[in-house]
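Under the numbering used here, the first residue of the sequence shown carries the number 527, and numbering increases by one thereafter. Here a beta-carbon is modelled for each residue, glycine too, at the ideal position from N, C-alpha and C. None of these values were measured; they are calculated from a predicted model.
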Amino acid sequence: MNYRHAYHAGNFADVFKHAALALLLQHLQKKDKGFCVIDTHAGIGRYDLSSFEASKTLEWQNGVAAVMHAAETPILAPWRKVVAALNPNGGYRFYPGSPLVARHFLRPQDRLIVAELHPQDRRVLSHLFEGDKQVLVRPADGYATLIKQIPPFERRGVALIDPPFERTDEWEVLIEVLAEAHAKWSTGTYVVWYPVKDLTEVARFHDVLASLAIPKTLIAEFHIGPAAPESFFGCGLAVINPPWQWDEELQALGDALAVALNRPQAKTIVEWLVPESA
Ligand SMILES: C[S@@+](CC[C@H](N)C(=O)[O-])C[C@H]1O[C@@H](n2cnc3c(N)ncnc32)[C@H](O)[C@@H]1O
Numbered sequence: 527m528n529y530r531h532a533y534h535a536g537n538f539a540d541v542f543k544h545a546a547l548a549l550l551l552q553h554l555q556k557k558d559k560g561f562c563v564i565d566t567h568a569g570i571g572r573y574d575l576s577s578f579e580a581s582k583t584l585e586w587q588n589g590v591a592a593v594m595h596a597a598e599t600p601i602l603a604p605w606r607k608v609v610a611a612l613n614p615n616g617g618y619r620f621y622p623g624s625p626l627v628a629r630h631f632l633r634p635q636d637r638l639i640v641a642e643l644h645p646q647d648r649r650v651l652s653h654l655f656e657g658d659k660q661v662l663v664r665p666a667d668g669y670a671t672l673i674k675q676i677p678p679f680e681r682r683g684v685a686l687i688d689p690p691f692e693r694t695d696e697w698e699v700l701i702e703v704l705a706e707a708h709a710k711w712s713t714g715t716y717v718v719w720y721p722v723k724d725l726t727e728v729a730r731f732h733d734v735l736a737s738l739a740i741p742k743t744l745i746a747e748f749h750i751g752p753a754a755p756e757s758f759f760g761c762g763l764a765v766i767n768p769p770w771q772w773d774e775e776l777q778a779l780g781d782a783l784a785v786a787l788n789r790p791q792a793k794t795i796v797e798w799l800v801p802e803s804a
């Protein structure tokens, strides 16, 4: 396990994922009944952008920094509020990872389950949520945790699956896990983050995901620039059971992000792989 998210926290792909998650959680808040968020690959939850790791890559400059300096837009506002809440004195030195984005939107009746396998990172994560009765930290494999914890007793909620793509079979594992998870909890919302580096690889993933024929399967990609060999030029979210109109919000989110990052060549692609009536 070599991947450390601290080198990448707050980059454009993190902002797209976390801003999308904030919008999704706002949808879940529309009903009083409690919901459960399962974050299978949680990271450390809170990132100090002045750290050695973040300073080495400076990826956050083309992400959170640019967006926080840009004009406010309603679609980015829910996520910006999470960043602001973690930095009460202003700025964005402390960057909220997915567990803290999720925690921000929990009401007393909601729960968060986070899994992290890296020995050092899971200690930091456990410390972050020490004494928090609404959060269960599992120092375990995220995929196994997901299958074990579903369906949650609330029957409503979201699983965020955000692996580091270190293992060569990650795409295949994702498909297997989604099929198994959906068979156990068909009404849950599933959100898988994936990198866009190789369009052939991504197209294959879309094809196999579509072949599962799970109704309401959506993809939303944000490409920061044109495709270039060996470069990480975009990211995507594969979603099962998105809330109503979240597809339109994701399009608006990508468009707003392109403006905030000052990337006229950026593009957002939102497509139904399997529509509701399939
Ligand atoms: C992309 S990072 C997660 C970032 C986080 N979701 C966020 O948005 O703030 C992936 C994380 O998964 C962890 N990881 C790798 N394999 C894992 C596994 N099998 N189960 C749980 N966590 C794993 C890594 O240590 C790393 O912290």
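Can you give the Cα-Cα distance for residue i and residue j, rounded to whole angstroms?
| i | j | result |
| --- | --- | --- |
| Tyr598 | Val718 | It is worth fixing the name first, because residue 598 is Glu in this sequence and not Tyr. Cα-Cα distance, rounded: 27 Å. |
| His644 | Glu692 | 13 Å |
| Arg637 | Tyr669 | 18 Å |
| Ile673 | Lys710 | 8 Å |
| Gly799 | Asn615 | The sequence given here has Leu at residue 799, not Gly. Spanning the two alpha carbons is a distance of roughly 43 Å. |
| Phe505 | His553 | Here the chain has residues from 527 to 804 only, and residue 505 is not among them. |
| Glu747 | Arg648 | 29 Å |
| His653 | Glu680 | 26 Å |
| Ala580 | Ile740 | 38 Å |
| Ala591 | Ala778 | 20 Å |
| Asp733 | Gly657 | 44 Å |
Thinking residue i and residue j are a contact (beta carbons under 8 Å), I'd like their distance in whole angstroms, please.
| i | j | result |
| --- | --- | --- |
| Thr715 | Asn788 | Actually they do not touch by this definition, with Cβ atoms about 32 Å apart. |
| Ala628 | Ile570 | That pair is no contact at about 14 Å. |
Beta strand (DSSP E) containing residue i: first to last residue?
| i | result |
| --- | --- |
| Gly760 | 760-766 |
| Thr794 | 793-800 |
| Ile601 | Taken as a continuous stretch (DSSP letters only), Ile601 belongs to no beta strand (DSSP E), as it is neither H nor E. |
| Gly683 | 683-687 |
| Arg664 | 661-664 |
Helix, strand or coil: which one does DSSP assign to residue i?
| i | result |
| --- | --- |
| His749 | strand |
| Phe538 | helix |
| Trp719 | strand |
| Leu584 | coil |
| Leu651 | helix |
| Ala782 | helix |
| Ile639 | strand |
| Ile740 | coil |
Considering residue i, what are the terminal residues of the alpha helix (DSSP H) in which it resides?
| i | result |
| --- | --- |
| Arg730 | 725-737 |
| Ile570 | Element bounds for Ile570: n/a, residue is neither H nor E. |
| Phe631 | 624-631 |
| Leu787 | It is not in any alpha helix (DSSP H) - Leu787 carries neither H nor E in the DSSP assignment. |
| His644 | Unbroken run through His644: none, as it is neither H nor E. |
Count the other C-beta atoms from every protein chain shown that fall within 10 angstroms of the C-beta of residue i, then say buried if there are 16 or more, exposed otherwise.
| i | result |
| --- | --- |
| Pro622 | buried |
| Glu774 | exposed |
| Lys659 | exposed |
| Ser624 | buried |
| Arg664 | buried |
| Met594 | buried |
| Phe521 | The displayed coordinates of the chain run from 527 to 804. Any statement about residue 521 would go beyond what the structure contains. |
| Ala705 | exposed |
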